[in-house]
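Novice: Going down the list, the sequences are from chains C and X.
The numbering of the first sequence is the working numbering, which starts it at 1 and goes up by one.
The numbering of the second sequence is the working numbering, which starts it at 293 and goes up by one.
In this text, a Cβ means the ideal position worked out from N, Cα and C, and glycines have one as well.
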Amino acid sequence: MKPSTAGWVFAAPALTVIGLFFGLPVLAALALSLTDFDIYALAHIDNLRFVAFDNYINLLNNPLFWRALGNTMYFVVVGVPLSIGVSLGAALLLHSKLGYFKPFFRTAFFAPVVTTVVAVAVIWRYLFHTRYGLVNWALSWAGIDPIDWLGDPHWAMPSIILFAVWKNFGYNMIIFLAGLQAIPEDLYEAARIDGASHGKQFRYITLPILGPVLLMVSILTLAGYFQLFAEPYVITQGGPLQSTVSVLYLMYEEGFKWWNLGNASAVAFLLFVLMTVATSGLMWIARRKGVE
Amino acid sequence: MALLGSCSHRDDGRELVRFWAMGYEGEVVTQLIPEFERRNPGIRVEVQQLPITAAHEKLLTAFAGDALPDVCAIGNTWVSEFALLDALIPLDARLTKTPGLQSRDYFAGAWDTGVIGGTVYAVPWYVETRLPFYRQDLLKQAGIARPPQSWDEWKVAMAAIKREVGPDRYAALLPLNEAEPLLNLGIQSPDPLLRDDGRYGNFRSPGFKRALTFYREIFDNQWAPLASNTQIANVWNEFGRGYFSFYVNGPWNIAEFKKRLPPDQQASWMTMPLPGEHGLGASVAGGASFVLFRSSKRQDAAWKLISYLSEPEVQVRFHGLTGNLPPRRAAWTTPALADDVYARAFRDQLERARPAPKVPEWERIATEIKLVGEQLANGRVSVDQAAEELDRRADRILEKRRWMLDHQTLKPTQAPVAGNKEGG
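1. When you compare each of X:T345, X:A385 and X:L601 to G315 of chain X by their alpha carbons, which one comes out closest?
2. Going by beta carbon distance, what residues of the same chain come within less than 7 Å of V76 of chain C, once the five residues before and after it are set aside?
3. Suppose the cutoff is 7 Å on Cβ atoms and the five residues either side in sequence are ignored; what does the same chain contact list for K501 of chain X look like?
4. Between the stretch 635–646 of chain X and the stretch 445–461 of chain X, are three or more C-beta pairs nearer than 8 Å?
5. Would you please verify whether the beta carbon of L127 of chain C is less than 8 Å from any beta carbon of chain X?
6. So, using beta-carbon positions, are F176 of chain C and V217 of chain C closer together than 8 Å?
7. Report yes or no: do the stretch 537–546 of chain X and the stretch 418–437 of chain X share at least 3 C-beta pairs separated by less than 8 Å?
8. Quick check on the burial criterion: 16 or more other C-beta atoms within 10 angstroms. Buried or exposed for I285 of chain C?
9. Interface residues of chain C around K692 of chain X at Cβ under 7 Å?
10. Could you tell me the distance, in whole angstroms, from the CA atom of L240 of chain X to the CA atom of R288 of chain C?
11. CB-CB under 8 Å to S300 of chain X, same chain, minus the five flanking residues each way: which ones, in chain order?
12. Have a look at W446 of chain X and V321 of chain X and give me their C-alpha separation to the nearest angstrom.
13. Relative to the C-alpha of G671 of chain X, which residue among X:F511, X:A519 and X:Q558 is closest?
14. Taking 8 Å as the CB-CB limit, is Q201 of chain C close to chain X?
15. Check whether chain X comes within 8 Å of P240 of chain C, counting only Cβ atoms and requiring the distance to be less than that.
16. The stretch 367–384 of chain X: which residues have C-beta closer than 9 Å to a C-beta of chain C, in chain order?
17. How many angstroms separate the CA atom of V576 of chain X from the CA atom of W403 of chain X?
18. So, at 8 Å on beta carbons, what are the nonlocal neighbours of L294 of chain C in its own chain, with the 5 sequence-adjacent residues on each side left out?
19. Closer than 8 Å, CB to CB, is A266 of chain C near chain X or not?
20. Does the stretch 368–388 of chain X come close enough to the stretch 556–575 of chain X to have 3 or more Cβ pairs within less than 8 Å?
21. Out of curiosity, what's the CA-to-CA distance linking V135 of chain C and A111 of chain C?
22. Counting Cβ pairs closer than 8 Å, one from the stretch 38–45 of chain C and one from the stretch 372–379 of chain X, do we hit at least three?
23. Within the continuous alpha helix (DSSP H) that includes R386 of chain X, where are the two ends?
24. By a C-beta neighbour count over all protein chains shown, 10 Å radius and 16 as the cutoff for buried, is G579 of chain X buried or exposed?
25. Give me the chain X residues within the contact set of F256 of chain C, using Cβ-Cβ distance strictly less than 9 Å, ordered along the chain.
26. Name the two residues that bound the continuous alpha helix (DSSP H) containing T614 of chain X.
27. Please report the distance separating the alpha-carbon of T244 of chain C from that of N368 of chain X.
28. Let me know if I524 of chain X comes out buried or exposed under the rule of 16 or more other beta-carbons within 10 Å of its beta-carbon.
29. Please classify A14 of chain C as buried or exposed, where buried requires at least 16 other C-beta atoms within 10 Å of its C-beta.
30. Along chain X, which residues have their Cβ under 7 Å away from the Cβ of I43 of chain C?
31. Of the choices X:G318, X:A658 and X:Q641, whose alpha-carbon is the least far from that of F610 of chain X?
32. With a threshold of 16 other CB atoms inside 10 Å of the CB of E327 of chain X, please say whether the residue is buried or exposed.
33. Taking the alpha helix (DSSP H) that E254 of chain C falls in, what are its first and last residues?
34. Chain X beta carbons: is any one of them nearer than 8 Å to that of L150 of chain C?
35. With a threshold of 16 other CB atoms inside 10 Å of the CB of A516 of chain X, please say whether the residue is buried or exposed.
36. Within the 8 Å Cβ cut-off, does E666 of chain X reach chain C?
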């Protein structure tokens with residue numbers, strides 16, 4: 001047996017599973033997105049029409065799709081840097097030699113990641129309540145008038161971003177922590193002897209060595225945040241005034257609420273293209289900077 | 293599924309009827325089942341409770357996955373959809389063989405919701421229609437002697453209450469995350485909601501535009517807050533505190549208000565028929581109806597369950613447990629209902645209730661009414677723009693239906709009659 005054949009034999013089981021449970025459904029969804037599969041087609045297959053790219057064209061002409069895209073981009077552009085910043089900050093604090101009760105805080109910061117979205121969302125909905133919520137109560141001490149966090153279209157998305165960042169930062173924090181712990185201590189020692197301040201140590205030692213980790217975390221977070229769904233579904237149901245409808249939420253409504261599977265598949269593929277472009281862009285920038 | 297059912301339970305040789313019911317009703321109906329099983333020793337009923345917000349999706353998913361139960365209580369407005377999917381069994385033959393179940397005893401609007409293209413597919417279980425719950429004491433304080441009966445009277449009343457309660461409180465609550473408040477005003481119009489056999493939206497009709505104008509006016513004058521139900525942590529408490537005086541909602545709230553308002557406030561609230569454009573108006577006949585699924589292998593046993601739950605005495609017991617209103621006039625003669633002062637307005641309203649347009653797309657169109665209504669209330673669009681936008685969205689949703697009607701792939705028996713012409 002040639003070595004290459006042996007390789008294929010070993011890889012075959014895994015490739016078959018991937019092909020069957022990943023490749024095939026993706027192809028089926030692509031085919032579906034070229035038809036107008038809906039409840040009529042569910043009733044009788046004769047009612048299925050091949051519509052070529054009509055689903056895509058209609059979507060691109062649908063203001064709600066652009067709105068959902070805008071909302072998702074808002075969430076990604078504000079949420080991803082914020083999430084990474086908070087994670088890195090928390091990791092630095094936990095890594096610092098000055099910190100106390102580190103195992104406790106590590107657990108506490110990671111706890112939101114493992115709790116279910118639905119349970120914590122209910123609590124956050126109370127925190128954000130206009131008249132009885134803790135957030136407005138705290139603001140009232142600072143003399144700030146109550147804000148209708150979830151009912152005002154301007155505040156709903158920031159509220160959701162805040163919730164999502166709180167929910168997810170622990171995960172990235174653990175990865176950053178591992179990265180920080182891998183940095184050799186003697187580098188810092190050398191820097192200190194040369195008289196580098198803490199800020200300079202961070203800029204010229206921590207950040208560059210953390211580069212690959214930062215890239216990976218960015219890509220993971222970016223991909224995750226593009227798939228915003230659970231938070232608006234549980235907290236605002238897309239409202240008010242559809243200000244928290246995300247692309248995935250739109251897909252869910254089209255596909256599983258109304259059973260327009262053709263349309264929903266088209267949404268899914270547009271999101272796929274968008275995510276591919278965004279992550280490739282990130283990789284390209286990283287490669288140019290030599291981080292990879 | 294049958295295999296699963298027999299595995300998870302002790303198999304005692306009885307016929308198993310799987311029954312899905314939505315919401316609180318699904319929880320409470322289990323109390324009525326022992327009596328049925330006593331009368332029918334050969335049948336065992338397994339009740340599964342569906343959350344209302346997820347029921348529609350779950351039913352469609354079950355249909356796609358061939359996992360529907362034997363019998364289910366589904367929303368009235370979904371009957372046409374499942375009839376079109378050919379998931380339902382016509383009930384006419386069974387009805388003629390069941391003398392206890394007479395259509396003429398039912399409120400016409402409620403019964404009509406289950407009739408698609410002349411064929412009966414569903415038997416109403418409980419009906420609901422929306423009308424205002426109101427604070428008698430606050431109305432009196434504002435100098436309003438009797439509950440308003442027309443839009444004009446309602447406007448006067450709301451303005452008076454708003455003057456009385458000040459800027460931080462309101463006259464009415466019309467939740468923005470529900471289509472019903474606006475829809476109920478729209479269905480009062482003499483113009484049907486859809487035109488040409490349900491091919492196009494008819495929201496640009498003068499009647500619907502008047503409803504949109506009235507709706508907008510309520511928010512423009514700050515008679516109602518720009519809020520959804522979810523933002524108001526406890527609707528009943530807020531009602532008790534006088535945050536709003538009119539709350540357009542369904543009959544289940546009779547029981548809630550009885551339970552949740554303190555004793556000294558019990559005398560302060562009442563129900564009233566929904567004001568119409570000129571005198572008392574129509575409203576949407578909602579509620580849930582029993583259907584038999586075609587995939588069921590135990591249709592006879594399932595029909596027995598439907599007949600049992602439709603008996604007037606059982607419906608009265610069910611009303612006692614849930615506060616839901618029976619669709620049969622016979623049940624309304626019992627003291628429990630006839631003497632209930634809160635139910636009286638509903639009894640009156642039910643005679644004027646109309647079915648929503650019977651097209652499978654209706655749920656979607658109702659969602660668009662909710663969304664556009666929210667934009668209108670927020671002042672993002674004008675009345676004319678809202679009407680145009682609604683027609684545009686409805687027409688897009690109905691595109692496939694038009695194609696099917698043109699190509700006659702929609703069979704006549706499946707073609708639901710659209711619009712609310714026949715309802716009133």
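Specialist: Concretely, from the data shown:
1. X:T345
2. L222, Y225 and F226
3. V675 and A679
4. no
5. no
6. yes
7. yes
8. exposed
9. D36, D38 and Y40
10. An answer regarding residue 240 of chain X cannot be provided, because it is not within the stretch 293 to 716 covered by chain X.
11. With a pLDDT of 46 at S300 of chain X, under the threshold of 50, the modelled position of this residue cannot be trusted, and the question is left open.
12. 38 Å
13. X:F511
14. no
15. yes
16. E373, L376, L377, D378 and A379
17. 13 Å
18. This structure cannot speak to residue 294 of chain C, because chain C is shown only from 1 to 292.
19. no
20. no
21. 21 Å
22. yes
23. D384 to T388
24. buried
25. E349, L352 and T353
26. P604 to T614
27. 30 Å
28. buried
29. exposed
30. The sequence shown places Ala at residue 43 of chain C, rather than the Ile named in the question. L376, L377 and D378, listed in chain order.
31. X:G318
32. exposed
33. Neither: E254 of chain C is in no alpha helix (DSSP H) and is coded neither H nor E.
34. yes
35. buried
36. yes
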